[in-house]
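Visitor: Quick mapping for you: the protein sequence lines, in order, are chains A and B. The opening residue of the first sequence carries number 1 in this note's numbering; numbering runs sequentially from there. The opening residue of the second sequence carries number 312 in this note's numbering; numbering runs sequentially from there. Glycine included, every Cβ here is placed at the ideal spot set by N, Cα and C. Note that the structure is a prediction, hence the values are computed from the model and not measured.
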Amino acid sequence: MTTQVAAAPAVVARPSAATQIRGQRGMPKRRQFVLQLICLAIAATVLFPILWIVAMSLDPRDISRPDSLIPPGASLAAYAKVMARPTLNDISFLRLALNSVAIAVVISLASVSIGAMAAYAFSRLQFRGREILMIGILAVLMLPAVATIAPLFVQLNKIQVGGVNLRASLIGVALAVTSSQLPFAIWNIKGYLDTIPRELEEAASIDGAGRFQIFLKVILPLATPVLAVTAFFGFIAGWTEFYFSSVFLTGNVDLTTLAMALNGMVGQYAASTPWSQFAAFSVLVALPVSVVYLFLQRYIISGLTVGGVKG
Amino acid sequence: MTAVAVAPGAAPSRGSWWRRTQNSRTAYLFLLPALLVMAIITFYPLVFQVWMSFTDYGLVNLRVGAPAPNYIGLQNYGRILDNNIVIPNFDFVRILVFNLFWALSNVVIHVVLGVMIALVLNVNALRFKRFYRAIYILPVVIPPIIVATVWRNLFDPTHGAINQLINGTIGVLFKLPPVTLDWLNQPNPIVAFGPLILPLAYFALLTANVWLGWPLNSVVATGALQSIPQDLYEAAAMDGAGWWQQFKTVTLPFLRPAMLPYAIYGFVITFNLFYLSYFMSGGGPFGQTELLVTTAYRLVAEQHLFAVAAAFAIFEFFILLAITLVTNKLAKATAQFDA
Numbered sequence: 001m002t003t004q005v006a007a008a009p010a011v012v013a014r015p016s017a018a019t020q021i022r023g024q025r026g027m028p029k030r031r032q033f034v035l036q037l038i039c040l041a042i043a044a045t046v047l048f049p050i051l052w053i054v055a056m057s058l059d060p061r062d063i064s065r066p067d068s069l070i071p072p073g074a075s076l077a078a079y080a081k082v083m084a085r086p087t088l089n090d091i092s093f094l095r096l097a098l099n100s101v102a103i104a105v106v107i108s109l110a111s112v113s114i115g116a117m118a119a120y121a122f123s124r125l126q127f128r129g130r131e132i133l134m135i136g137i138l139a140v141l142m143l144p145a146v147a148t149i150a151p152l153f154v155q156l157n158k159i160q161v162g163g164v165n166l167r168a169s170l171i172g173v174a175l176a177v178t179s180s181q182l183p184f185a186i187w188n189i190k191g192y193l194d195t196i197p198r199e200l201e202e203a204a205s206i207d208g209a210g211r212f213q214i215f216l217k218v219i220l221p222l223a224t225p226v227l228a229v230t231a232f233f234g235f236i237a238g239w240t241e242f243y244f245s246s247v248f249l250t251g252n253v254d255l256t257t258l259a260m261a262l263n264g265m266v267g268q269y270a271a272s273t274p275w276s277q278f279a280a281f282s283v284l285v286a287l288p289v290s291v292v293y294l295f296l297q298r299y300i301i302s303g304l305t306v307g308g309v310k311g
Numbered sequence: 312m313t314a315v316a317v318a319p320g321a322a323p324s325r326g327s328w329w330r331r332t333q334n335s336r337t338a339y340l341f342l343l344p345a346l347l348v349m350a351i352i353t354f355y356p357l358v359f360q361v362w363m364s365f366t367d368y369g370l371v372n373l374r375v376g377a378p379a380p381n382y383i384g385l386q387n388y389g390r391i392l393d394n395n396i397v398i399p400n401f402d403f404v405r406i407l408v409f410n411l412f413w414a415l416s417n418v419v420i421h422v423v424l425g426v427m428i429a430l431v432l433n434v435n436a437l438r439f440k441r442f443y444r445a446i447y448i449l450p451v452v453i454p455p456i457i458v459a460t461v462w463r464n465l466f467d468p469t470h471g472a473i474n475q476l477i478n479g480t481i482g483v484l485f486k487l488p489p490v491t492l493d494w495l496n497q498p499n500p501i502v503a504f505g506p507l508i509l510p511l512a513y514f515a516l517l518t519a520n521v522w523l524g525w526p527l528n529s530v531v532a533t534g535a536l537q538s539i540p541q542d543l544y545e546a547a548a549m550d551g552a553g554w555w556q557q558f559k560t561v562t563l564p565f566l567r568p569a570m571l572p573y574a575i576y577g578f579v580i581t582f583n584l585f586y587l588s589y590f591m592s593g594g595g596p597f598g599q600t601e602l603l604v605t606t607a608y609r610l611v612a613e614q615h616l617f618a619v620a621a622a623f624a625i626f627e628f629f630i631l632l633a634i635t636l637v638t639n640k641l642a643k644a645t646a647q648f649d650a
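1. Can you tell me whether tyrosine 243(A) is buried or exposed, with buried defined as 16 or more other CB within 10 angstroms of its CB?
2. Could you pull out every unbroken alpha helix (DSSP H) segment of at least 4 residues lying fully inside the stretch 453-494 of chain B, listed in chain order?
3. Please name the residue in Asn583(B), Gly524(B), Gly593(B) whose C-alpha comes closest to that of valine 426(B).
4. Using three-state DSSP, classify valine 106(A) as helix, strand or coil.
5. Taking C-beta pairs closer than 8 Å, name the residues in chain B that threonine 240(A) reaches, listed in chain order.
6. The stretch 136-155 of chain A: which residues have C-beta closer than 7 Å to a C-beta of chain B, in chain order?
7. Indicate the three-state DSSP secondary structure (helix, strand or coil) for tyrosine 355(B) in the structure shown.
8. Suppose you measure from the CA of alanine 472(B) to the CA of tyrosine 586(B); what does that come to, to the nearest Å?
9. So the beta strand (DSSP E) valine 502(B) belongs to, where does it begin and stop?
10. Would you decide whether leucine 258(A) is buried or exposed? Buried here means 16 or more other CB atoms lie within 10 Å of its CB.
11. Three Cβ pairs or more, each shorter than 8 Å: is that satisfied between the stretch 612-629 of chain B and the stretch 374-393 of chain B?
12. Give the straight-line distance between the Cα atoms of leucine 641(B) and asparagine 478(B), rounded to the nearest whole angstrom.
13. Note down, in chain order, every chain A residue with its Cβ under 8 Å from the Cβ of asparagine 428(B).
14. Do valine 54(A) and valine 283(A) have their C-beta atoms closer together than 9 Å?
15. Compare the beta carbon distance of valine 604(B) and valine 146(A) with 9 Å and say whether it is the shorter of the two.
16. CB-CB under 6 Å to isoleucine 214(A), same chain, minus the five flanking residues each way: which ones, in chain order?
17. Under a three-way DSSP split, which group does glutamine 20(A) fall into?
18. Look at the Cβ atom of proline 596(B), then the Cβ atom of asparagine 496(B), and state whether they are nearer than 9 Å.
19. Could you pull out every unbroken alpha helix (DSSP H) segment of at least 4 residues lying fully inside the stretch 575-617 of chain B, listed in chain order?
20. Hey, is phenylalanine 215(A)'s beta-carbon within less than 9 Å of any beta-carbon in chain C?
21. Comparing the CB of arginine 336(B) with every heavy atom of the ligand NAP, is any distance shorter than 8 Å?
22. Going by beta carbon distance, what residues of the same chain come within less than 7 Å of leucine 141(A), once the five residues before and after it are set aside?
23. When the distance is taken between beta carbons, is alanine 515(B) closer than 9 Å to phenylalanine 558(B)?
24. Measure the beta-carbon distance from asparagine 99(A) to threonine 224(A) and round it to whole angstroms, keeping in mind my assumption that it falls under 8 Å.
25. Report the residues of the stretch 469-494 of chain B with a CB closer than 8 Å to any CB of chain A, ordered along the chain.
26. What first and last residue would you give for the beta strand (DSSP E) that runs through leucine 507(B)?
27. Taking buried to mean at least 16 other C-beta atoms within 10 Å of its own C-beta, is glutamate 627(B) buried or exposed?
28. On a Cα-Cα basis, can you pick out the residue from Asp493(B), Ile508(B), Trp494(B) that is closest to proline 500(B)?
Pasting the structure below:
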C-alpha cells in the first residue's frame, strides 16, 4: 500500500512523454512475480537464523539439544531459567546485565562528552598542530581494540584504588574500551559537525556569545542525532564487550558480564547449557539494543552515507 | 574567521597572529579533555607497548615489587616470524595470508551482493519495498557476538539447523542418508594452495559473515542509486542502450564514489573481525581459521605472553598501515580513472 502511494507522485511529476515510455516498458506481471520471488527468498535467508533462535528459546522441553527445527508448543520456561541463573555460577541475569550496563554507560558518556568537544575544535577552529593531531587520532582509529590489550593490562594492573586493582574492575574495562571508542567518537561527530552550516554560529557570535556558549547552545542541539548515535555505539561496545572483560575480570564471578556468560555457553562448558536457554539468553542480550538500533536507524544510515560521500 | 581578519586593525599581521594564538588557545581548551584521556589510556600504552616488545615481560613481572623485565632486543619479533610460540599450529605467514584472503573474499561478495540486491529494490514498480527494506536491515542490528554464537549452533553437526535443513529438503528429495557434516571442525581442507588453506570452517564463517555483511552495503548502494537523476537513464534508453550498458555507463559511475570508501572500510572491519573466528570456529580446525586479532587475544588471554603480544601488535600495526596505504592508492587511482 505505502509503496504505491510513495511511487505515485514520482510518476505524476514526470513529463508526459516520459510517462508514456514508462508506460510502455511498465513492469509486466511476470517480471513483478519473479522479483517478488527473489525478494522473498532473500527475506527467508535473512529471517531464518532469527526465527530459528526465537523458536529454540520457546522450546518447552528442557532438553540439552533440539531434535527438530520447530519445537512443539511454546513456553517462556527457558527465559525464566536463564533470568534466574544463566551460568553455572551463582549470579543472576540482572547482575550480569548491570555489570555490562555499568561498563556501557561509562564508555558512552565519556566518549560522547569528551569526543564532542574535541570534534568541535577539529571541525571549527584553526590551530597549530591540527593536522598532526588528526592524523594521530586516525592512526589509533585504525588499530583494533585487541592490539592494545597487553599494555593496558600491564598498566591498569599497576593502579590500586582503595585496595582494588583497577585492572580487575568494571571501570578498568570501561577505560580500556573508551581508549578505542573515543577516536571513533571524535571522528564520527566531526564528520557530522562539518555538515552544519557556519552561518548559525556567526549569527550567535555577532550577538556576543563566546565559543563555549556557541558550542553548548548552538552546536550541541543541532548535533543531537550524531550524539545519540555515537552514544548508542558506545553503549553497544560496552554491552557486548568481550576481549577486555574476559581477560581483565577472570576469576571474579561477581563481575561477570553478558559476553563472558555467553562465551561460557558456547565454549568448553557448552554441554552444560540447554540450547533453549542459550537461545533465550541470546534474545535477551540482542533485543534491547536491536530495538534501539531500529529506532535510530535513520540517523545511523544518514551518518554512514554522509561519511561515504565525503570519503 | 576570514570575516574577522578582513576587519581593519592597527597592525593587521600582528592582529591576525594574536587572533591565531587566541584561537589555538580556545581550540586546546576544547581538546584538553580528549588529549588528556587519550594520552593516558591510548598513546602512553602504545609507547609502552613498543618498549614491552623488546623485553621478556611476562606474568612474573606483574606482581607489585617484581623485578623489571629484561631487555631481549628483537627476540619476540624473531619468535613470531619463526613460529616459535606455544600456541598450537601457530604459523604467522599462514595466518596473515588467510586473514587477507578472508577480508578480500568477504568484501567482494558483500559489495557485489549488496549492489545486486539494492538494484532489485530500486526497481520503480517493485511492490512491498518498505517491507523488504525493513527485513533486510535486521542482521545489522543484532550484536555481532550474538550472530557468531547463534551461527555456531546453526552449524552444529548433529543438532544444527543447517544440516537439518539439508536433510529436510535435498535429503528427502533425493532420499539421501542423513548428513552430519561437521562444518566447523572437518579436518581436511577444501582448498590448499601454498600458504592459503581453506577448511570447510572457512566457508561456514563466510556464510555467516555474508549474512551479516551485505545489508549495510545494500543500504549504502541504495543511497547512491537514489542520487542518480532518472533523466540519465531515459537519455541512455533513447540512445538505445540496453540494461547492461545503462548499468555500465550510468549506474556504475554513480556507485563507485560511494561504494569504494565503504568497501575499504569494510575490508579493515572484516580483517579485524574477532567474533566470528573466535566464537564460531574457535580458530579451528588446527588454527586454520585463526586471524591476527584472535591470535593477539590468545597471546594475552591464554598464554600470558605480554611481551610477545606487544611485538605481535606492532606487526599488526604495520600490516594495517600497509593495507591503508595500498587501499588509499587504489581509491585515488580509480578516482583518477573516473575523471
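Guide: Let's see:
1. Tyrosine 243(A) should be labelled buried.
2. Here the runs fully enclosed are 455-465, 472-477.
3. In terms of Cα proximity to valine 426(B), the closest of Asn583(B), Gly524(B), Gly593(B) is Gly524(B).
4. Note: valine 106(A) maps to helix in three-state DSSP.
5. What threonine 240(A) touches in chain B: Pro454, Pro455, Ile456, Ile457.
6. Listed by position along the chain: Val140, Met142, Leu143, Pro144, Val146, Ala147, Thr148, Ile149, Ala150, Pro151, Leu152, Phe153, Val154, Gln155.
7. Looking at tyrosine 355(B) - three-state DSSP - the assignment turns out to be helix.
8. Whole-angstrom Cα-Cα distance: 20 Å.
9. First-last of the beta strand (DSSP E) with valine 502(B): 502-504.
10. Buried: at least 16 other Cβ atoms inside 10 Å.
11. Touching, yes, given that three or more Cβ pairs across the two stretches are closer than 8 Å.
12. Annotation: leucine 641(B) to asparagine 478(B) spans about 45 Å, alpha carbon to alpha carbon.
13. Reading the sequence as shown, one finds isoleucine at residue 428(B) and not asparagine. Close partners of isoleucine 428(B) in chain A (Cβ separation under 8 Å): Ile42.
14. In this structure, valine 54(A) sits near valine 283(A), with a CB-CB distance shorter than 9 Å.
15. Taking 9 Å as the Cβ cut-off, valine 604(B) and valine 146(A) qualify as a contacting pair.
16. Counting only Cβ-Cβ distances below 6 Å, and skipping sequence neighbours, we find Glu201, Ala204.
17. The pLDDT assigned to glutamine 20(A) is 41, lower than 50, so where the model puts this residue is not dependable; a value taken from the coordinates is nonetheless given after this. Of the three classes helix, strand and coil, the one that applies to glutamine 20(A) here is helix, per DSSP.
18. Yes.
19. Runs of the alpha helix (DSSP H) inside the stretch 575-617 of chain B: 603-612.
20. Checking the listed chains, one finds no chain C in this structure; the protein chains it contains are A and B.
21. As presented, the structure is devoid of all ligands, the ligand NAP included, so that no description of it is given.
22. Contacts found: Pro183, Phe184, Trp187.
23. Using a Cβ distance threshold of 9 Å, phenylalanine 558(B) and alanine 515(B) do not count as a contacting pair.
24. Your pair asparagine 99(A) and threonine 224(A) does not check out as a contact, with CB atoms roughly 29 Å apart and the cut at 8 Å.
25. Listed in chain order, the positions of the stretch 469-494 of chain B with a beta carbon within less than 8 Å of a beta carbon of chain A are Thr469, His470, Ala472, Gln475, Leu476, Gly479.
26. Leucine 507(B): member of the beta strand (DSSP E) spanning 507-509, first to last residue.
27. Of the other Cβ atoms in all chains shown, 16 or more fall within 10 Å of the Cβ of glutamate 627(B); this residue is therefore buried.
28. Out of Asp493(B), Ile508(B), Trp494(B), Ile508(B) has the C-alpha closest to the C-alpha of proline 500(B).
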